[in-house]
């Protein structure tokens with residue numbers, strides 16, 4: 001049964017499941033830390049830019065978003081689009097582009113573009129999720145490069161704690177327990193060969209401060225950042241609403257996509273003024289948050305505050321967290337979000353969905369761009385639908401000197417040629433009836449094909465009568 005999240009449930013978003021949402025938010029933060037650092041490096045900016053973006057976006061989306069429990073932050077799919085802008089024009093132009101991205105996304109919500117998500121088939125959604133799981137898995141492999149056996153052992157211990165502990169103890173999410181235990185063990189045993197967060201990046205962060213992007217406020221500046229902002233807005237729109245679709249399916253809820261886009265727009269707009277990069281919803285962290293019990297707005301608020309505390313107040317402790325623990329969590333997320341049924345039980349879904357899923361996964365992995373993969377998947381789905389819809393059934397009947405063609409199916413550009421092929425011009429009938437009462441003419445190409453067919457029959461000396469569904473009476 002589907003539940004619709006409405007304004008009347010606002011109080012419930014803060015007062016129900018407090019303990020579960022607080023712990024889930026803290027757990028999601030552990031996955032956000034390595035991602036925020038990695039995405040900053042991908043964009044060619046300091047680590048604090050990704051951290052500030054994550055904190056600002058999470059704080060704003062907590063109150064203005066349309067999907068409670070969904071984690072939004074700096075994102076890899078958007079970071080790859082920023083590198084060229086940073087390299088060519090500098091980081092201040094990135095902040096300006098982030099502000100403009102927010103404006104564009106807000107307008108997407110105002111003009112209710114969220115309804116476009118209904119045209120994304122389930123096969124594309126499955127491919128999107130599976131491709132993301134594969135990309136996350138591949139991104140974790142770099143931490144094993146040149147690592148000692150200790151790294152492998154710690155990752156194995158992390159996964160063991162994550163999967164075994166919930167059988168006996170569920171008071172605290174097992175990923176959170178794994179990070180605390182491994183951090184203490186590595187520190188107590190003095191494991192010097194273990195990579196820690198402090199080895200990946202030195203985070204010397206303070207509280208984010210308001211600043212205006214240091215760029216000329218000219219038309220030239222606007223034209224420089226507009227292409228990047230438009231690309232970022234579209235990618236953020238795609239990944240956010242696909243993530244929202246996935247969470248809605250997981251929780252059996254129906255949430256407001258247009259409200260989410262307005263919230264994302266305001267969040268990115270504000271992030272640009274606090275030294276952050278543009279971001280969007282993250283599938284991995286969102287799924288982790290929901291699976292750990294973070295269904296309410298409280299979980300995202302806790303994630304934002306906890307991340308800020310870890311970085312600003314407890315930065316020295318954060319440096320001690322072994323990367324093996326965080327890698328283990330991300331591997332667990334990969335397993336959780338991957339749709340294993342699509343691989344091990346392919347007959348349980350239509351063949352068309354399987355093909356679309358495979359194509360979507362392939363496009364994402366080849367381009368490392370989720371938006372392109374989704375676009376390719378949607379195009380393949382539309383082509384598949386057009387091919388299926390173009391199959392007409394034409395039944396021919398004789399009644400004395402009259403021949404009737406009963407056409408069943410959709411008449412459009414994909415099936416127009418078949419009309420001319422199936423209706424004989426050289427038949428011996430003096431009168432030809434074309435019955436369209438069980439079909440529908442959709443476009444000009446089909447109308448043109450029908451007109452040419454009638455014209456050729458009449459030129460052959462035959463009387464032609466066309467039965468159209470809207471008139472329910474013959475014409476001709």
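Numbering (full-length UniProt numbering), first residue to last: 1 to 476.
Heads up, the beta-carbon is just placed ideally off N, CA and C, and yes, glycines get one too.
| query | result |
| --- | --- |
| Proximity below 7 Å, CB of residue 21 to CB of residue 245 | no |
| At least 3 beta-carbon pairs within less than 8 Å: the segment 178 to 187 vs the segment 343 to 354 | no |
| C-alpha distance - residue 330 paired with residue 191, whole-angstrom precision | 22 Å |
| As assigned by DSSP and simplified to three states, the class of residue 162 | helix |
| Whole-angstrom C-beta distance between residue 414 and residue 390, which should lie under 8 Å | 3 Å |
| Reference residue 200; option with closest CA among 446, 61, 326, 259 | 326 |
| Cβ-Cβ distance between residue 215 and residue 43 below 7 Å | no |
| Counted within 10 angstroms of its Cβ, other Cβ atoms place residue 152 as buried (16 or more) or exposed | exposed |
| Unbroken stretches of the beta strand (DSSP E), 3 residues or longer, contained in the segment 71 to 150 | 72 to 74 |
| Assigned exposure category for residue 505 - 16 Cβ within 10 Å defines buried | A question about residue 505 goes unanswered here, because the residues of the chain that appear run from 1 up to 476. |
| Cβ-heavy atom distance, residue 212 to the ligand ZN, below 6 Å | As presented, the structure is devoid of all ligands, the ligand ZN included, so that no description of it is given. |
| Whole-angstrom C-beta distance between residue 69 and residue 289, which should lie under 8 Å | 6 Å |
| Contact the segment 355 to 368 vs the segment 128 to 144: 3+ CB pairs below 8 Å | yes |
| Endpoints, the alpha helix (DSSP H) within which residue 368 is located | Run containing residue 368: none; DSSP gives neither H nor E here. |
| Reduced DSSP secondary structure (H/G/I, E/B, other) of residue 30 | helix |
| Burial state of residue 2 (16 or more Cβ within 10 Å) | No answer about residue 2 holds up, because its pLDDT of 47 lies below 50 and its placement is not dependable. |
| Interface flag, residue 209 vs chain D, CB-CB below 7 Å | In the structure shown, chain D cannot be found, because there is only a single protein chain. |
| The segment 104 to 112 contacting the segment 217 to 236, beta-carbon criterion three pairs below 8 Å | yes |
| Environment of residue 451 [buried if 16+ CB atoms lie within 10 Å] | exposed |
| Beta-bridge pairing of residue 399 - partner residues as DSSP gives them | 402 |
| Residues near residue 472 by beta carbon distance below 8 Å, same chain, minus five either side | The predicted model places residue 472 with a pLDDT of 49, which falls under 50 and marks its position as unreliable, so this point remains unresolved. |
| Beta strand (DSSP E) segment containing residue 427, residue limits | Taken as a continuous stretch (DSSP letters only), residue 427 belongs to no beta strand (DSSP E), as it is neither H nor E. |
| C-beta atoms of residue 419 and residue 449 nearer than 7 Å | yes |
| C-alpha distance - residue 16 paired with residue 179, whole-angstrom precision | 26 Å |
| Close-in-space but distant-in-sequence residues of the same chain around residue 259 (CB under 6 Å, 5 per side omitted) | 66 |
| Per-residue DSSP class, three states only, for residue 203 | coil |
| Collapsed DSSP secondary structure at residue 441 in the structure displayed | strand |
| Beta-carbon contacts of residue 460 that lie in its chain and below 6 Å, excluding the five residues immediately before and after | 425 |
| Buried/exposed call for residue 78, threshold 16 Cβ in 10 Å | buried |
| Pick from 182, 130, 24, 53 that is closest to residue 35, judged by C-alpha positions | 53 |
| Close beta carbons around residue 119, own chain, < 8 Å, minus the five adjacent residues each side | 378 |
| Inter-residue CB distance, residue 373 and residue 23 (contact presumed, cutoff 8 Å) | Not confirmed; about 33 Å, so no contact. |
| Identified DSSP bridge partners for residue 431 | 402, 463 |
| Segment contact, 8 Å Cβ cut-off, at least three pairs: the segment 159 to 172 with the segment 262 to 282 | no |
| Length-filtered (3 minimum) beta strand (DSSP E) runs lying within the segment 273 to 349 | 279 to 281 |
| Collapsed DSSP secondary structure at residue 50 in the structure displayed | helix |
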